[in-house]
Each structure stands twice: as structure tokens, then as C-alpha cells.
Amino acid sequence: MIDKTVAELSVALAAGDISSVELTQAYLDRIARYNDDLNAFITVCEESALDQAKAADLARANGDTSPLLGIPLAHKDIFCTKGITTTCGSRMLQNFVSPYDATVVERFSAAGTVMLGKTNMDEFAMGSSNETSFFGPVRNPWDLSRVPGGSSGGSAAAVAADLCAMATGTDTGGSIRQPAAFCGITGFKPSYGRVSRWGMIAFASSLDQAGSLSKSAEDAALMMNVMAGLDSKDSTSVDTEAVDYSATLNDSLEGLRIGIPKQHFAEGLSAEVESAIRTALLEYEKLGAKVKEISLPNNHLSVSAYYVVAPAEASANLSRYDGVRYGYRCENPVDLEDMYKRTRSEGFGDEVKRRIMVGTYALSAGFYDAYYRKAQKIRRLVKNDFTNAFKEVDVVIGPTSPHTAFELGANSDPVAMYLEDIYTIAVNLAGLPAISIPAGSANGLPIGMHIVAGDFEEAKLLNVAHQFQRQTDWHLSKPTTLGMGA
Amino acid sequence: MEWETVIGLEVHVQLSTHSKLFSGSATKFGAAPNTQANIYDLALPGTLPVLNKAALAMAVRFGVAIGAEISKRSVFDRKNYFYPDLPKGYQVSQLDYPIVGKGSLTVALEDGTEKVIGITRAHMEEDAGKSLHQEFPGMSGIDLNRAGTPLLEIVSEPDIRSAKEAVAYLKKLHAIIRYLDISDGNMAQGSMRCDANVSIRPVGTTEFGNRAEIKNINSFRFVEKAINYEIQRQQGVIEDGGRVVQETRLYDADKNETRSMRSKEVANDYRYFPEPDLLPIVIDDAFIDSIRAELPELPDAKKARFCREYGLSEYDAGVLVSTREMADYYEVVAKQSGDTKLAANWVTVELQGLLNKNNWEINDSPIQADRLATLISRIQDNTISGKLAKTVFETMIEDSAGVDAIIKEKGLQQVTDAGAIEKLVDEVIANNQAQVAQYRAGKEKVFGFFVGQAMKASKGKANPAQLNQLLKEKLK
Amino acid sequence: MALDKSEVEKVAHLARLHISDAEVEEVTNRITDILVLIDQMQSVDTDAVEPLAHPLDAVQRLRVDVVTETNLRDELQSLAPHSQDGFYLVPKVLE
Chain H
1047 MIDKTVAELS VALAAGDISS VELTQAYLDR IARYNDDLNA FITVCEESAL DQAKAADLAR
1107 ANGDTSPLLG IPLAHKDIFC TKGITTTCGS RMLQNFVSPY DATVVERFSA AGTVMLGKTN
1167 MDEFAMGSSN ETSFFGPVRN PWDLSRVPGG SSGGSAAAVA ADLCAMATGT DTGGSIRQPA
1227 AFCGITGFKP SYGRVSRWGM IAFASSLDQA GSLSKSAEDA ALMMNVMAGL DSKDSTSVDT
1287 EAVDYSATLN DSLEGLRIGI PKQHFAEGLS AEVESAIRTA LLEYEKLGAK VKEISLPNNH
1347 LSVSAYYVVA PAEASANLSR YDGVRYGYRC ENPVDLEDMY KRTRSEGFGD EVKRRIMVGT
1407 YALSAGFYDA YYRKAQKIRR LVKNDFTNAF KEVDVVIGPT SPHTAFELGA NSDPVAMYLE
1467 DIYTIAVNLA GLPAISIPAG SANGLPIGMH IVAGDFEEAK LLNVAHQFQR QTDWHLSKPT
1527 TLGMGA
Chain V
448 MEWETVIGLE VHVQLSTHSK LFSGSATKFG AAPNTQANIY DLALPGTLPV LNKAALAMAV
508 RFGVAIGAEI SKRSVFDRKN YFYPDLPKGY QVSQLDYPIV GKGSLTVALE DGTEKVIGIT
568 RAHMEEDAGK SLHQEFPGMS GIDLNRAGTP LLEIVSEPDI RSAKEAVAYL KKLHAIIRYL
628 DISDGNMAQG SMRCDANVSI RPVGTTEFGN RAEIKNINSF RFVEKAINYE IQRQQGVIED
688 GGRVVQETRL YDADKNETRS MRSKEVANDY RYFPEPDLLP IVIDDAFIDS IRAELPELPD
748 AKKARFCREY GLSEYDAGVL VSTREMADYY EVVAKQSGDT KLAANWVTVE LQGLLNKNNW
808 EINDSPIQAD RLATLISRIQ DNTISGKLAK TVFETMIEDS AGVDAIIKEK GLQQVTDAGA
868 IEKLVDEVIA NNQAQVAQYR AGKEKVFGFF VGQAMKASKG KANPAQLNQL LKEKLK
Chain D
-2 MALDKSEVEK VAHLARLHIS DAEVEEVTNR ITDILVLIDQ MQSVDTDAVE PLAHPLDAVQ
58 RLRVDVVTET NLRDELQSLA PHSQDGFYLV PKVLE
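Just so you know, the protein sequences line up as chains H, V and D, in that order.
The first sequence begins at 1047 in the working numbering and counts up by one.
The second sequence begins at 448 in the working numbering and counts up by one.
The third sequence begins at -2 in the working numbering and counts up by one.
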């Protein structure tokens, strides 16, 4: 049962084929057995999960029919959870027990879901391989010597390895989509502003967006129905009409206009990924879609601009970690300066410090125009590229990552690591919704297909992804490790 | 050499909202430490700001009141620096797009002339917390109750030329924010704080000298003292062949001196950038117009009206409008007593003297406006003389009884009975024949002697007009 | 743009990070590499381009001025490394 999609589990729970307590216990057992291999969870909440499962079963007995009632999920450890340690993958918050719940957490609780625990991640979501976590790297369930991608690597690995039915994630430059691609699952990043950021620990405020990691686009729609919507506590949360993301999943794709950006099929893309994506496009043509080449002429500058904007915002967002009100403080500071510097140098890992340095430099006197302001202008150009593209096409499709999951330790050069996100980063700069869905495999490793839609076109995006998953079964293939597929 | 002083003031005004600029925490003064600091104020991970509408409206109200440009689109920025009382490690402020643009204030100088002081801008920002340095050995204690309280920072042009002008500007600003009811303006509690940029230059030159920014000035009196000290210091430095260093200096009121804040960053680099957790603030004409429509009458307009409607002198009107409370008090007295000039006299002389002596605000006055109006009416209707009215006034400070009751109890009613006065006059004439002879011989000065004698005999209660008239008739 | 060690130290101070003498060269090189990546932006003329600070074309919402928070000092201060008598304590701040 644990290998089922949320949609299937929802039916099974409603039919009484299984109780939430049984389901929860099954996941907890699997976590107990395999988390040491994967390191996907930082915190497991066995007791409270079973309490929530009991409550869900009771609610069901009393007539509650919420679709996600009793479904076990995991939250990325970037979401604040009241009374539960919230580390953000950092030594700085190793012992931080949040006094409040993130809006996303609150909404899933209100929907009757069961929280199994908190998943591992790159420290402060800064990374593309989950190797920057203070709590050690996460391993890819398809091949334990490989990375799961990042920064939502714990969530992606947990879903792929059936340690939970679904998980939340956050995506600042590709942090949901790239790990979803590497782990063979569905990773969905909504439009900026669609999901509240309240209680989601900030990395880069104008880029961060919460989303889902799940076994199908249909599940992503179910999760969106819970997560999305206006939150008065987040000034950047968007006030739009409520949408039922499940309602349009089966709309016909006849006449759908798909754009494939030539820049995403150029140098650097591995042959097997290119081949998988081109094959997938044929499926869409069978469904009546029309594919045409488009151009995103400034895409190559998106990584450069991103590595100014994101570190600049991060450098300020992470100033609050000063050892005064919560979190880590160094031992025996001799004076205030010493307290600040040692607290922050000991509490943050190398990648986080590097980005704080880059961001501080980019904002410092004399460099602001050349870096920060320039990056904002590039950001405009990148957004304009998409605006122009969406005049001609309905969605843009390409690879999520240039290649499949790489070996742990393979990318020791930060700049090489940054270029991992070459296809996903522009979407964050533009604030658009995008999804990665499994679309092939090479050497036993999954390949992700990246689909982007216009501002607030989430329903269209999920419809396009779901129709592909009705025709193909890439999203159903499972790793053969950890007792799966045997 | 003759020196000219150039001063620009940066005034921080705490806006009197109920809750903070970006959170729902209370802003009451004097609460126990850290009891008014919620998770946003403490910069807990994941918390976000939402702008307080009242703070925005107050900022616009100020801008409209001084005839300044109001920005239809303004933007918050982050100002980055580390300090324990700044929980986020940045202050949310406004740099390039402040809510209020150029405007001006007209201030009255001591010589009776007026001067227009330019206002460069006014912007919204959040206040920091407080650090206590004495209470804990080797440690500083941080109280974040004040962190996030809305401030309006009002920046003047370097148009001010003396410490007295600076004080006049501040007093005018203080009056306006109080009239607008956007701040209590209490300098002792820090709800109005002033930093002064002071430089000097040889008279006749137009270039600015290096300036010192003086911080921590928390009363009108200290503004004058701190600036005057700084002017002297800078003159001394230059006349000794030195150069004034551009720096931040702290005013020490106990020692009446300014001293360099060496421990403040050698070179601050605040790395401002647009605050991504907040969106641009966009307001429309309707919003601005609705605020304009609700503006109260401001000091200048009120002063003009007092001169026009009540026939007051510029000076008296100016004193009366210095605070909204004083002006309101005066209007009650003037209207109820019916004698606007006498009312102005009593409020500016007797009442003001009483307040000054006791260091009271007008709302603390034991003599309320309606009581003072009654007292003035009793002078008007000849119940008491102006002189005895002062005695009644003194009694009213301690005695909350009605004016008439006090007059009656003390037996201070004026004698207006013609028969009684005639009797007094006859007695005085009978007893002072020598003086009568002098008067009749043409020595008119002696008339005052008779008035004095008759008044004395009446214990000051005889109606002076009647007494004069009768004396004149009888001495003919 | 190349970066020298003294600039790295200045930036580290602004960011309140301690970089040991042993690390400074490595850090300088890494950051220089990142700046090379970033400098690719300079290849495009953006004189006529309006900066985009935020992906949302929306305006700030306003909050009604009411006090919604209660005193949670004891709970919140339990998170602090060092507090006493209701204050957060830090090594003495020198004026």
C-alpha cells in the first residue's frame, strides 16, 4: 500500500481498506528500516504521527471526507513546525524548536494529514546535491552512491523510496524540480506568491516558493488544493480566486502549443537526456499538441543574475542568525564582535558563508550598480523572454537537468554546481510555475522533463503533466534498492 | 574670522499607532522588557512583515500638512548593519523612494521675522530596540519592545543657521505632529529624537564645511546647548589650525559636551537594497484626498484666524496656538466669557505663568477652561475687579469650588451700590480737607490720592469706574 | 572582477564572518571564480532596461492597526542562548 499514490491512498482510506494508523505505522517502519541508508529525515515524529493518524481515523468515523485526511507526509525541514525541531539543515538551528507553525504546515494539519517528520536538505536550501547539509548528505534511492539533487533532496528521496506518500519542498533556483528529476518523481513549483512563505525559512525572498514532491501530477494537484491561497501574514502572497487544481487535470491537450527552447537543447545537454525528452514530446504530439522551437535568448545569463540576486537577499536574510535570541551561540565569546563572528563562522557551513560573502560584496558600496542593479535588469530580460514565448506557445518544455544524478562528491567546484540549475533558474527569476516529471531513464537513473507555464497557469501545467502520466508509466517506475521492486 | 553655522536636522518621530509598523505587537511605552516583542519583532526564522495602514496614513498626513510631495509609489529598503538591538540585522527603511518628498516649514524667529526651512523628505522606518549597559556585569541587556515601532524620519535641508533657529524649527515640527495627532512628541520618552548635522564656514562662502552628526539630543534645551557647544568646538578646531572631521558625535547632557563615537563603524556600508518581503506601496489620489479632508486646522491657519476673529495681536495669537491644547483651551475661554482679548491676557499671562511655575501641561491645569471663563465673566459684569480676580484665581488652584462660590465665601464682590460708594467718598472728602483744598486749587494729581483712600476703605471692592465718577463730581 | 585578500577580509567583517589566515586564500579564489560567472552579465547592454526587483506585479497590502499579539516572553526567551530578568544578554556593547 505504501507504494501507492496519494490519490489511490485517499480512495483506500475512504473505502476502509486501510486505516491511517496502519498506513502511518507502515511508513514509520520503513523509515526506521531505511532512513540510515538514505539520511532523508532529520527528525522523525513517531509518536505525534500516530496521534495524528488516530485523530484522522476518528474524524473519518465521524464523517470527515477531506481528500487528504489521514495521508502521511513529510515536511522539508525549512518549514517551521511548532514544538518540533526546525533546523534548515544547519548547525545554526540544530536545536531550534519553533514556537509556531508555517502556514503550509498549518494548512496540511487542517486538511487532516499526518506529519511523519522533517526531511533533510542543503543548508538553508543552498545547494543542488544535498551535500551541504550539516546533517550529512542524502543518498539517491536509485543508486546510493549518487546524490538525490537539492536542496529538497530529503523530500525527493523520501517520496521516491516510499518513506512517505508525499512531501513538501521549496524551490529557489530548482530545489524542488532538480531533486524530483534525479529521484524519478513529480516536483512542482507554483508561481511566486501562490503559496504562503510565512514560516518558511527564507533563503532568497523574491525567489523562494513552496511546492510539492509527489508520485504524480494528480497528487501534486491534491497538494496544491491544500497549500495554495492568500495568506494575510505574507505580503507577497497573491490574492487570486480559489482554484480546484484537480478539476482540469483531464482537459484535452488537442491544439496545445508546446515551445521547446533551443537554448535548452544545446551544448552541455547529455545525449540520453535529450533523447528522452524528444521521445516524450512525441507523446504530446499523439495527444494533439503542436511542438515548435522557441528562443529564450537571455537564458544563459540567468545563472549569473541569480548568483547576484539570491546571495544578496540571502546575505541580509541570514543576518538574524547572530546568537542573541535563538539558535547557536559560540562558546565563551570575549566580546560582541567575537560573538558575532565565531557564532556565524561556526554555525554556518562553507557554502552558506560563501554565498553570504558574495551577496555582501555585490551590495557593498561601489558595486551595487555593477552587480545588484545589473542583475535586476537581466532579471527583467529573462522575464521578457518568457513573456514573449507565451505569446506563441502555451507551455515551454525541456530537460530539468542536463544529466542524471551524479556521484556524491563529484561536484566539488561551486561554480560547476551552480550550473546544474541552468534550465530551472530562469523560472524563479521570472516567478513562473514549473514542474518536473519523470520522462525516461538512462543507466537505471531517472530523467526529468521540465514544463513551464505562464504566470498563475498552475492548473494548465498540472493538466499537461497529468495527461503525459496517463499515457506513460515513467512516474510509476521504482528503484530496486531498499527492498523495493524485488 | 566671522563664521556662519550650517545646520540640518534629522528628526525621528515615533508614530502613535497601537501596533508596530510590521507586526501586531503593542507599542505602549514602559512595558516590562521584551513583553511587546512577537516572533516577527524577534526576527524568528520564517516570519514576514505586513505594513500597518495607520502608520502609512500618518506619514501621508504629515506630508499633506506641510504641503510636501506625496509619493504615489514608495518602496521599502533594507539597511544592513549588525547591532544587538536590531534583531533582523537590517532595518526596514526607505531610501530612494520615500513616502514624503520635498516640503517646507515656516518658523517664527525671535526678532519677529519668519523663515522658511526646507524639508528634503520624510520616510517610514522601524525603530530599533534598547540596550542597557549598566545592569549586568560585563554584559548588555537587550529589550526589544521598541523594535519595530513605526518612525517617521523627517530630514531638513541645511537651511538652519543657528541653534535658536534649530529650536524654533523643532518646536514648530513638534506643534505640527501634535496638531496632527500622529505622535505624542515626548522627547524625554524618545518619541521625538533629533540628530543635528552641524558645520561652520566663513561668512560669505557657499561651500559646506565638514559636518559632525550629533546624536542623542533628547530635549529642546539640549538641542540648543549641544549645537552651541559644537559650533564653539568646531571654531576652536579651525582657529587652532586643525580640520573638522566628518564624524558622528554623541551629546552628553551631564557634561554638556559632544564627543566622538569612535566605536561606531569606521566606515558604515549599509548595503541598502529593496526589501523583497514587501511590495511597492501604491496610493491613489482618493487616499491622499481623504487624508487631506480630515486635516485639522494647523498652527499657522489658526493663528491667522485668532488675529482676525478675536482681534488678537500676532504675538498673543502665536503663543496661544503653540499647542493644540492651548488653542482649544483659549477658544473655550474666549467664547464662554465673550471677551476675547481679556481671555487672551488671562491665558497667556496668568495661566501660562501657573503652568510654567509648576511645569504642567495645559491638561494638568487645575483651572479648567470653563472656570476661567466664568472668572472673566465676573470681571466683565463688575462682580469683581480685575485685581481681586487674581486673588480668586489663586484660590481656584487649590479650591475646586465654583468661581461664584469662592467670590461669595471670600466676600470679594465688588461694591456697585451707588449709595454705599457715595458714603465712602463723603467720608474720604471729610477726612482730608487739606488735600481737597489742593485739588480745588488745581493740583489734579491729588485725585489719585482720593481714589486710593476710597479703595482702601472699601477693601478694594468698590467699582473703580463708579468711584472715579463720584469723586470727580463731589470734588468739583 | 578579481578580488584581493584585503577586500575579502573587509567583506567578511561586514558580514560578521571570521575567516582564518589559513582559509583566506581558498575563499578568495572561490569567490573570484563566482565573480567570473557573475560577470557574464556584463556582456549585455542593459542601459534601456528597467530593473525588476520582484517577480510580482502587485502592490503592498495593508494591515489594520490592531494589537493581535500577547506577551509570550517566557516561551520565546526559552529559545535564547543567554537571558536574564527578561533581557537578552550579549557581551557588553561598547559605546
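Where is the CB? At the ideal position from N, CA and C, for every residue including glycine.
- Around the beta carbon of residue 1298/H, fewer than 16 other beta carbons lie within 10 angstroms, which makes this residue exposed.
- For residue 1385/H, the chain D residues whose Cβ falls inside 8 angstroms of its Cβ are 87, 88, in order along the chain.
- Below 8 angstroms, enough C-beta pairs join the region 1477 to 1495 of chain H and the region 1305 to 1321 of chain H to call them touching: three or more.
- With its beta carbon less than 8 angstroms from one in chain H, residue 8/D belongs to the interface.
- For the region 63 to 76 of chain D, the residues whose beta carbon sits under 9 angstroms from a beta carbon of chain V are, in order, 63, 64, 65, 66, 67, 68, 69, 70, 73, 74, 76.
- Nearest CB-CB separation between residue 1145/H and chain D: below the 8 angstroms threshold.
- Contact with chain V is absent for residue 1059/H, since none of that chain's Cβ atoms lies less than 8 angstroms from the residue's Cβ.
- Nearest neighbour of residue 52/D by Cα position, chosen from 1519/H, 1500/H, 1530/H, 1512/H, turns out to be 1500/H.
- Taking a 10 Å sphere around the C-beta of residue 1161/H, we find 16 or more other C-beta atoms and assign the residue as buried.
- Cα atoms of residue 661/V and residue 674/V: separation of roughly 8 angstroms, rounded to the nearest angstrom.
- Contacts with chain D at 8 angstroms (Cβ-Cβ) do not include residue 1514/H.
- Every beta strand (DSSP E) stretch that sits fully inside the region 1068 to 1097 of chain H and reaches 3 residues is listed by chain position as 1087 to 1090.
- Between residue 1467/H and residue 1342/H, the gap from beta carbon to beta carbon reaches 8 angstroms or more.
- Annotated as proximal: residue 1195/H and residue 1202/H, with beta-carbon spacing under 8 angstroms.
- Look at the region 491 to 559 of chain V and you find these whole runs of beta strand (DSSP E), each 3 residues long or longer: 524 to 527, 537 to 540, 550 to 555.
- Counting the other CB atoms within 10 Å of its CB gives residue 1188/H a total of 16 or more, which places it among the buried residues.
- In terms of beta-carbon proximity, residue 1406/H lines the interface with chain V, with at least one pair separated by less than 8 angstroms.
- Beta-bridge pairing by DSSP links residue 1484/H to 1494/H.
- Of the candidates 1233/H, 1311/H, 1361/H, 1498/H, the residue whose Cα lies closest to the Cα of residue 1435/H is 1498/H.
- Against chain D, the CB of residue 465/V has a partner CB under 8 angstroms away; the residue lies at that interface.
- By the neighbour-count definition (other C-beta atoms within 10 Å, threshold 16), residue 1380/H is an exposed residue.
- Put simply, of 1061/H, 1091/H, 1062/H, 1063/H the residue whose alpha carbon is nearest the alpha carbon of residue 1075/H is 1091/H.
- Counting along the chain, no alpha helix (DSSP H) covers residue 48/D, and no H or E run does either.
- Within the same chain, 1290, 1291, 1292 come within 7 angstroms of residue 1271/H by CB-CB distance, once the 5 residues on both sides are set aside.
- When CB distances to chain H are screened at a threshold of 7 angstroms, the residues of the region 482 to 497 of chain V falling below it are 486, 489, 490, 491, 492, 493, 495, 496, 497, in chain order.
- Not flagged as an interface residue toward chain D: residue 627/V, since no C-beta distance is shorter than 8 angstroms.
- Straight across, the Cα-Cα distance linking residue 1444/H with residue 1346/H is about 15 angstroms.
- Take residue 625/V, set aside five residues on each side of it, and the residues of its chain with a beta-carbon closer than 7 angstroms to its own are 632, 770, 771, in chain order.
- Nearest neighbour of residue 74/D by Cα position, chosen from 889/V, 611/V, 483/V, 566/V, turns out to be 483/V.
- Within the same chain, 1133, 1373 come within 6 angstroms of residue 1139/H by CB-CB distance, once the 5 residues on both sides are set aside.
- Checking the DSSP bridge columns, you'll see residue 641/V partnered with 458/V, 664/V.
- In summary, residue 903/V is exposed, with fewer than 16 beta-carbon neighbours lying within 10 Å of its beta-carbon over all protein chains present.
- Here residue 592/V is actually not in contact with residue 84/D; their C-beta atoms are around 11 angstroms apart, not less than 8 angstroms.
- Counting only runs that start and end inside the region 582 to 629 of chain V, the beta strand (DSSP E) elements of at least 3 residues fall at 586 to 590, 597 to 603.
- Annotated three-state conformation of residue 1275/H is coil, per DSSP.
- Taking 4 residues as the minimum length, the alpha helix (DSSP H) runs contained wholly in the region 7 to 44 of chain D are 18 to 35, in order along the chain.
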